[in-house]
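A.B. asks: Oh and the sequence shown: position 308 is 636 in this note's numbering, straight run, nothing missing.
Built from N, CA and C at the ideal position, the CB exists for glycine as well.
Remember, it's a predicted structure, so these values are computed and weren't measured experimentally.
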Amino acid sequence: MTNKNQLLISKININNPTDCLNLTFEQSVDVLKNRIGESEFKEAFNINCFVKSPVEDFRDASWCKTLKIIGINPRIVKTYWGIVKYALSFPEQGIHIMPLFKTGDGSLYVQNSWELNDEFLDENLIKLGYDSSDKQLRLIVNVLHSMGKIVGFDALAHCDNFSKIVLLNPNLFEWVKLNNNKTAQIPFGDIDYNNLYKEVQNVIISTLDLPENTFDLSEVERENLIFPKNIDEFERRMELRSAIRNNGLEPIPVVEHAPNRPILFDKIEKSDNESWAVFKVENKSASAKIFGAITPYKLYYTDNLGYPKKNDYIVESWDYFSDKIDEFQKRYNFDFLRADMAHNQYSHSHNEEEKDINCPELWAYVKNNIQEYKPYFATLAESFYSTYYIDGISDMINKDFDIVLGEMNFKNLDKEYLNIIDDYLNPFRENFSFYPSVTTFTNDGDLKSHNQFFKSNKQNLIRYFISLFLNLPSYLGMGYELRDINPKENNKYSHFYVKKQEKDYEFGNNISFLEGIAKIRNEYIKFKDIIDNYDLKLIYSLNNELSLCFE
329 MTNKNQLLIS KININNPTDC LNLTFEQSVD VLKNRIGESE FKEAFNINCF VKSPVEDFRD
389 ASWCKTLKII GINPRIVKTY WGIVKYALSF PEQGIHIMPL FKTGDGSLYV QNSWELNDEF
449 LDENLIKLGY DSSDKQLRLI VNVLHSMGKI VGFDALAHCD NFSKIVLLNP NLFEWVKLNN
509 NKTAQIPFGD IDYNNLYKEV QNVIISTLDL PENTFDLSEV ERENLIFPKN IDEFERRMEL
569 RSAIRNNGLE PIPVVEHAPN RPILFDKIEK SDNESWAVFK VENKSASAKI FGAITPYKLY
629 YTDNLGYPKK NDYIVESWDY FSDKIDEFQK RYNFDFLRAD MAHNQYSHSH NEEEKDINCP
689 ELWAYVKNNI QEYKPYFATL AESFYSTYYI DGISDMINKD FDIVLGEMNF KNLDKEYLNI
749 IDDYLNPFRE NFSFYPSVTT FTNDGDLKSH NQFFKSNKQN LIRYFISLFL NLPSYLGMGY
809 ELRDINPKEN NKYSHFYVKK QEKDYEFGNN ISFLEGIAKI RNEYIKFKDI IDNYDLKLIY
869 SLNNELSLCF E
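(1) Could you tell me the distance, in whole angstroms, from the CA atom of PRO590 to the CA atom of TYR635?
(2) Apply the 10 Å Cβ neighbour rule to THR511 and answer buried if 16 or more other Cβ atoms are within range, or exposed otherwise.
(3) What number of angstroms, rounded off, separates the C-alpha of HIS486 from the C-alpha of HIS671?
(4) Quick check: the stretch 366-386 against the stretch 443-454, are there 3 or more CB pairs under 8 Å?
(5) Which of helix, strand or coil does DSSP assign to ASP723?
(6) Who are PHE664's beta bridge partners in DSSP?
(7) Using the three-state DSSP reduction, which class does LYS393 fall into: helix, strand or coil?
(8) With distances taken between CB atoms, is the gap from VAL379 to ASN440 smaller than 8 Å?
(9) State buried or exposed for PHE429, treating a residue as buried only when at least 16 other CB atoms are found within 10 Å of its CB.
(10) Three-state secondary structure (DSSP) at GLY410?
(11) At which residues does the alpha helix (DSSP H) containing PRO402 begin and terminate?
(12) In whole angstroms, what separates the C-alpha of ILE519 from that of ALA709?
(13) Can you list, in chain order, the residues of its chain with a C-beta nearer than 7 Å to that of TYR437? Leave out the 5 residues immediately preceding and following it.
(14) To which residues of the same chain is ALA415 closer than 7 Å at the C-beta, ignoring the five residues directly before and after it?
(15) My understanding is that ASN588 touches ALA616, with C-beta atoms under 8 Å, so please give their C-beta distance in whole angstroms.
(16) Under three-state DSSP, which class holds LEU796?
(17) Go ahead and label GLY410 buried or exposed: buried means 16 or more other beta carbons lie within 10 angstroms of its beta carbon, across all protein chains shown.
(18) In this structure, does DSSP put HIS778 in helix, strand or coil?
(19) Assign ILE618 to one of three DSSP states: helix, strand, or coil.
(20) Let me check one thing: in DSSP terms, what residues is THR630 bridge-paired to?
(21) Helix, strand or coil for MET329, going by three-state DSSP, please let me know.
(22) Since I believe SER802 is in contact with ILE397 (beta carbons under 8 Å), could you give me their beta-carbon distance rounded to a whole number of angstroms?
(23) Checking 8 Å against the spacing of the C-beta atoms, do ASP482 and ARG659 come in under that value?
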């Protein structure tokens, strides 16, 4: 390391994520080498081989039951290498990287294809020969593993409703048919809705004058015909969207919370030269929410009333999705996945008072297939097991999740909060196959309306302290370390950076809070190897220095 770099690095606060992100590439490399060693550094930069995962020797996913996870939005850290820079700032071992796939409308959660998003390419890595997103992602997972980190990715059982995935595989998605005037949906019993995808295929074939056997070919062969290299992909998607809609065909949207069927066409809305279908849910819970930009994979055959046949799943859809997730995690050596919208109950999306515990579930299918050769692979559910579910606990068990995100980040720090902790530590943990997470803060939940749960530095430090020292998994979204109380500008809320924004995300300037976070982390580093043997009260009594965190 040069004397100049030594001087610059000595001035940074390694607990401050903004200091780490502002390091030059050369400075961050020097910090990394000092931390992991020269030989480990060289090993990590050889992407022809995987660096061994810290949990690779486990024969099951039990390691995740106390995993402390940091969620990272690649759009905030800007590049793939930015993920490594950010990881220099915290001792938590788990890293959840928000979606890295190419997007349909700019939102990280509106997937367009299985290709990686080149938005996050790092110029410095390109100069070193890591000139593709594929190479850079393989590199950073290697580096994170060399740092002792456990790395997970976001898996989405939905995509942009006119994405490449949908247009290449209409049979894997659910469609509705409108009347000639496009004023109403043709009733479910009047046509065969389970085979409606064939009409979509025919529209694509006729619009592009393709061979009649196009959809009998492999996905790669179909892509070469539908999206050849010499055409503008976006324009082709819009061309096919227009043709499909002109024929009165629409993909259904994602609907949160059960019961959420049947999903019915409501009306066509227009804005300038744009028009789109609006849907409604005839049988829904009060909290049901429709996401019009995304469509779910069709997992079950439907009956003549539009309800899924919960024990009659579509093998082609399950295998396609499972194989793609399998290929992705295998390519980059991930240790776990976060199941986005895992709270959706497609298998029970109607009014039934009880959960069928024998019903097959996609997420369990995915996990079990991966664990056949990677037995330590784990799954984290974005789920809250609240009262709007049909037996949310059984649902999580059916889906075979290891960790469930929970909803502590939506609770005030009061007696109810303490009751939840008491429940998590004893009866809940002892009686169920999954562990609830002590969730402090999530990036998609970072909104002004949620400021009510983060009222003061002291309360926010207590939340964070509990999350680290409780013998349970925990989850923390990036930006919390410097978060101001009641930020006013939108660019200080990480929620908005799920989509592209004109202004960069701006970290808070709450230095006194960061100092408290650093003290808690220092104590955690001292005791993390023995936390498994103590509950919160015993840990608190181990060292009186912990009280300094709350002065």
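C.D. replies: Taking the definition as stated:
(1) Going from the Cα of PRO590 to the Cα of TYR635 covers about 6 Å.
(2) It counts as exposed.
(3) Going by C-alpha positions, HIS486 is about 13 Å away from HIS671.
(4) They do not touch, by the three-pair rule.
(5) The three-state secondary structure of ASP723, taken from DSSP, is helix.
(6) In the DSSP output, where bridge partners are listed per residue, PHE664 has GLY480 and ALA706.
(7) Of the three classes helix, strand and coil, the one that applies to LYS393 here is helix, per DSSP.
(8) No.
(9) Burial call: buried.
(10) In the three-state DSSP reduction, GLY410 falls in the helix class (H, G or I).
(11) Counting along the chain, the alpha helix (DSSP H) containing PRO402 begins and ends at 402-405.
(12) In a straight line, the C-alpha of ILE519 is about 36 Å away from that of ALA709.
(13) Within the same chain, TYR437 has close Cβ partners PRO427, LEU484, ASP668 and VAL826.
(14) Cβ neighbours of ALA415 beyond the five flanking positions: ILE423, LEU472, MET475 and LYS477.
(15) Cβ-Cβ separation between ASN588 and ALA616: approximately 5 Å, consistent with a contact (criterion under 8 Å).
(16) In this structure, LEU796 counts as helix in the three-state DSSP scheme.
(17) Burial call: buried.
(18) Note: HIS778 maps to helix in three-state DSSP.
(19) Under the three-state reduction of DSSP output, ILE618 falls in the strand class.
(20) Per DSSP, the beta bridge partners of THR630 are PRO636.
(21) Note that MET329 has pLDDT 42, beneath the 50 cutoff, so the model's placement of it is unreliable and the number below is only indicative. MET329 carries a coil assignment under DSSP once its states are collapsed to helix, strand and coil.
(22) The beta-carbon separation of ILE397 and SER802, rounded to 7 Å, stays under the 8 Å limit for a contact.
(23) In this structure, ARG659 does not lie closer than 8 Å to ASP482 by Cβ.
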